[in-house]
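Those sequence lines, one after another, are chains U and Z. One gets the working numbering by counting positions in the first sequence from 1 and adding 26 to each. One gets the working numbering by counting positions in the second sequence from 1 and adding 6 to each. The C-beta atom is built at its ideal place from N, Cα and C for all residues, glycine as well. Everything below concerns the one structure shown next.
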Amino acid sequence: MLSINNLKASVENKEILKGINLEVKKGEVHAIMGPNGSGKSTLASVLAGRSEYEVTDGTVNYLEHNLLDMEPEERAKEGLFLAFQYPVEIPGVNTATFLRTSLNEIREHRGQEPLNGADFLKLMKNKMEVIDIDKSLISRSLNEGFSGGEKKKAEIFQMALLEPTLAVMDETDSGLDIDALKVVAAGVNKLKTENNAVIIITHYERLLNYIVPDFVHIIFDGKIIKTGGKELALTLEEKGYDWITNEHVALSNA
Amino acid sequence: MNGKNEILKAVTQQDYKYGFVSKFDSDKAPVGLNEDIIRLISSKKKEPKWLLDIRLKAFKHWLTLMDKEPAWAHIHYPKINFQDIIYYAAPKKKKELNSLDEVDPEMLKTFDKLGISIEEQKKLSGVAVDVVIDSVSVKTTFKDTLAKLGIIFCSFSEAVQEHPELVKKYMGSVVPYTDNFYAALNSAVFTDGSFCYIPKGVRCPMELSTYFRINEANTGQFERTLLIAEEGSYVSYLEGCTAPMRDENQLHAAVVELIAYKDAEIKYSTVQNWYPGNKEGKGGIFNFVTKRGICKGEHSKISWTQVETGSAITWKYPSVILKGDYSVGEFYSIALTNNFQQADTGTKMLHIGKNTTSTIISKGVSAGKSNNSYRGLVRISKSASNARNFSQCDSLLLSSECGAHTFPYIEINNKTAIVEHEATTSKVGEDQIFYCNQRGLDTEQAISMIVNGYCKEVLKKLPMEFAVEAQKLLSLSLEGSVG
């Protein structure tokens, strides 16, 4: 579904991604872990098409499309969803109205009829039960005045509603208390099917106690330096990032 | 514009060869302004002498203001040659087209986006339409309903003929011709407008003018509106048209006067979408309007809501004189400027009565290379004990070349007053746009959604169907402002 090949990207002429390679297939959950400043969030932003990031080399193939040629909204309509690390507030824009517009854009792209107000409300109600989100959040302005946890839950709710093919979760777990973390993890687990895939970007392994990844990748200095199964996360927890980064530095210096 | 003036000049000068008298049969007065022109307008309209006298007095006063054209507003435009304007043209002055094929396709596209019916499109763009259209019967039906309640709603000219005592009593009582340069000009040369009278205790059962959109489309360059709400009455009045008007006038100078007696409430909503000029800033309407209401009685209320997206220049300050104790004044405004548009708009809240309150919510949106200013005065007189005002002036910038300015004036002469002023300036964030993009909305949709959200507080003050059109209008006005 997603094939990243030697991806390099810079922001303000500073190279952040220095040759990322990654293959994601349908039905897989990938965790990308790494210390601060290693390029995790940059990878998420580049995949979503943020214009501040300049791709200098490499290719990204997504569902037979050259992803890097697509506008951010085209990527979204093709089922690429980014759960933001810092969801923005848009005052005065009703969350439900926003989501209906969003869903109908995506449906139109898929050749489906737009949902009318009543059907949309039904769908929303349905998904609210799945995600266990307070319905008052939906009637408020988009993310406005939401607490950190509420914002993250709202992102997962959006994800449930839009049913992405590939979800990229950019540090969704950071700043969450354990209860919110459980809600987020349960949501992701419920949304998992054999036809979609999830990339979880995280600094801590604790989210992985609730979501079991098929692969864990360690990113450091703009490259994936180690890939393994879920046990890699446990080793990390035990030994810390120094273990792996020191090894990497030693190897590169050798 | 110059080309157009040449043609107008040629036509009028040609007429002039046949002498002034023949002018009475033609549709247009000669170019320029003098007492004869004013007498011509007055006689064309078969006005009583007292009204002609007011016009002439206003004209004399205006002449003394010749070098006092207001220059304090934050707007720039070439000096207007007031002798280069035609001050009277018969109401049907627009050139009739034979079919919609002759209408600017851009305008038709806009009509479609606003969801305006074909019949209405024809009317608005000046295409000749059969007399039998629905709105004619609709209009008659509603006129009957209103008449039964004793409500008078008619053109200003009609009111002069049918209800001269009311016009005489109230015209100029809120905006005297001595008020300002443009009010003096309007008082001298106004051609028509609307008149509305709500009798004591009557609640007007419909939004006035919604059903008259088509029929009121041919209002002139110097409009005059007078609205009187007697004790305990209520009226919601809608002015303007959300469709772009085909209009050959460059200068508009209207006067609107509202009078609210004890316990009366007037809600006055405007959506203004006159031609703003092209993308290079050529052409467009100069809109210099004086709008003012007086809360004469206790517990009376006047509420102005405006959505200003059109005109090359907007100079407009709908105000309220809060004379009655416990009276309430409100001003809710959205002013959107794009390309080279300039808007200097706001309000005056003049507190005279005790326990009077006023609220000002102003939302400016600037895009392109436009300039958008809020200018407002809150004055608490010595007599206005316990007066309260809350003002909130927000500016939203959509480009790096536009300007947003706020000029709040506060004068407090009574120490029991409570006056609050909040102001914010923000730029539409790349982050917000990207967030919307990531959810499948293109950048134009994103900006339109963000701007509509930002304006929501004011939009929700508009009557429902007007609000829907106003939202579409905001989106339309922003088209092409991206990138």
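Nearest chain Z C-beta to Ile-58(U) closer than 7 Å, yes or no? No, no contact with chain Z.
Quick one: any contact between the region 203–213 of chain Z and the region 229–240 of chain Z, if contact means 3 or more CB pairs under 8 Å? Yes: at least three Cβ pairs fall under 8 Å.
Please confirm if the region 325–340 of chain Z is in contact with the region 358–373 of chain Z, defined as three or more CB-CB distances below 8 Å between the two stretches. Pairwise C-beta distances place the region 325–340 of chain Z in contact with the region 358–373 of chain Z, as three or more of them are shorter than 8 Å.
Checking contacts by CB at 7 Å: is Ser-36(U) closer than that to chain Z? Not an interface residue.
Quick check on DSSP: helix, strand or coil for Pro-97(Z)? In this prediction, Pro-97(Z) scores a pLDDT of 48, lower than 50, which makes its location untrustworthy; no coordinate-derived value is stated.
Which residues in chain U have a C-beta closer than 7 Å to the C-beta of Leu-447(Z)? List them in chain order. In chain order: Glu-99, Thr-127, Ser-128, Glu-131.
Cutoff 7 Å; reference Gln-89(Z); Cβ partners in own chain excluding five residues on either side: Result list for Gln-89(Z): Gly-38, Leu-39, in chain order.
In the DSSP assignment, what are the bridge partners of Pro-414(Z)? DSSP, once it has assigned bridges, lists Gly-382(Z) as partnering Pro-414(Z).
Could you run through the region 140–160 of chain U and flag, in chain order, every residue whose CB is less than 9 Å away from some CB of chain Z? For the region 140–160 of chain U, there are no residues whose beta carbon sits under 9 Å from a beta carbon of chain Z.
Please determine, among Ser-432(Z), Ser-397(Z), Lys-388(Z), the residue with the shortest C-alpha to C-alpha distance to Leu-404(Z). Residue Ser-432(Z) is the option with its Cα nearest to Leu-404(Z).
According to DSSP, residues forming a beta bridge with Gln-347(Z): By DSSP's assignment, Gln-347(Z) forms no beta bridge with any residue.
Entirely within the region 144–212 of chain Z and at least 3 residues each: give me those beta strand (DSSP E) ranges in chain order. With a minimum length of 3 residues, the continuous beta strand (DSSP E) runs that stay inside the region 144–212 of chain Z are 158–161, 198–204.
Which of helix, strand or coil does DSSP assign to Thr-68(U)? Thr-68(U) carries a helical assignment under DSSP once its states are collapsed to helix, strand and coil.
Buried versus exposed, by CB contacts within 10 Å (16 or more), Ile-220(Z): A caution first: Ile-220(Z) carries a pLDDT of 37, below 50, which makes its placement in the model too unreliable to give a value.
Going by beta carbon distance, what residues of the same chain come within less than 6 Å of Arg-232(U), once the five residues before and after it are set aside? Once the five neighbours on either side are set aside, Arg-232(U) has no close Cβ partner at all.
Return helix, strand or coil for Ser-481(Z), following the three-state DSSP convention. Ser-481(Z): helix per DSSP, three-state reduction.
7 Å Cβ cutoff met for Lys-179(U) and Thr-198(U): Contact: no.
Contacts that Ser-167(U) makes with chain Z (C-beta to C-beta distance below 9 Å): Neighbours of Ser-167(U) across chain Z, judged by C-beta separation under 9 Å: Gly-459, Lys-462.
Would you mind reading off the limits of the beta strand (DSSP E) that contains Gln-227(Z)? For Gln-227(Z), there is no enclosing beta strand (DSSP E), since its DSSP letter is neither H nor E.
May I have the straight-line CA-CA distance separating Phe-196(Z) from Arg-230(Z), to the nearest angstrom? In a straight line, the C-alpha of Phe-196(Z) is about 6 Å away from that of Arg-230(Z).
What residues in its chain sit with their C-beta under 6 Å from that of Trp-321(Z), if we drop five residues either side in the sequence? In the same chain as Trp-321(Z), and ignoring 5 residues on each side of it, the C-beta atoms closer than 6 Å to its own belong to Ala-79, Phe-294, Asp-350, in chain order.
Rounded C-beta distance between His-56(U) and Phe-241(U)? I'm assuming under 8 Å. At roughly 5 Å, the Cβ-Cβ gap stays under 8 Å, so His-56(U) and Phe-241(U) are in contact.
Distance check for Gly-352(Z) and Ala-476(Z), CA to CA, integer angstroms please. Each residue's alpha carbon lies about 19 Å from the other.
What are the start and end residues of the beta strand (DSSP E) that includes Gln-503(Z)? What the structure shows of chain Z is the stretch from 7 to 489, and residue 503(Z) is not part of that stretch, so it cannot be assessed.
Among Arg-298(Z), His-411(Z), Met-455(Z), the one whose alpha carbon lies nearest that of Ser-128(U): Comparing alpha carbon positions, the residue from Arg-298(Z), His-411(Z), Met-455(Z) closest to Ser-128(U) is Met-455(Z).
Can you give me the C-alpha to C-alpha distance between Lys-29(Z) and Lys-51(Z), rounded to a whole angstrom? With a pLDDT of 30 at Lys-29(Z), under the threshold of 50, the modelled position of this residue cannot be trusted; read the value that follows with caution. Taking the straight line joining both Cα atoms gives about 14 Å.
Where Leu-108(U) meets chain Z, residues with beta-carbon distance less than 7 Å: The answer, in chain order, is Gln-444.
Could you give the first and the last residue of the continuous alpha helix (DSSP H) run that contains Ser-278(U)? That run of the alpha helix (DSSP H) goes 257–279.
Chain U contact for Phe-196(Z) (CB, 7 Å cutoff): Residue contact check for Phe-196(Z) against chain U: no CB pair falls below 7 Å.
Neighbour list for Lys-103(U) in chain Z, Cβ cutoff strictly below 7 Å: Correct list: Gly-446.
Quick check on this structure: which residue in Ser-179(Z), Leu-356(Z), Gln-398(Z) has the alpha carbon closest to the alpha carbon of Val-261(Z)? Of the candidates Ser-179(Z), Leu-356(Z), Gln-398(Z), the one whose C-alpha sits nearest the C-alpha of Val-261(Z) is Ser-179(Z).
DSSP has Ala-109(U) in a bridge; who is on the other side? BP columns for Ala-109(U) point to Met-195(U).
Write down the C-beta distance between Ala-277(Z) and Leu-482(Z) rounded to the nearest angstrom, noting that I regard them as a contact closer than 8 Å. Note that residue 277(Z) corresponds to Val in the displayed sequence, not to Ala. 12 Å between Cβ atoms; not a contact.
Kindly indicate the opening and closing residues of the alpha helix (DSSP H) around Phe-172(U). Segment: none, Phe-172(U) is in no alpha helix (DSSP H) and carries neither H nor E.
Environment of Ile-386(Z) [buried if 16+ CB atoms lie within 10 Å]: Under this definition Ile-386(Z) is a buried residue.
Would DSSP call Gly-213(U) helix, strand or coil? If DSSP states are grouped into helix, strand and coil, Gly-213(U) belongs with the helices.
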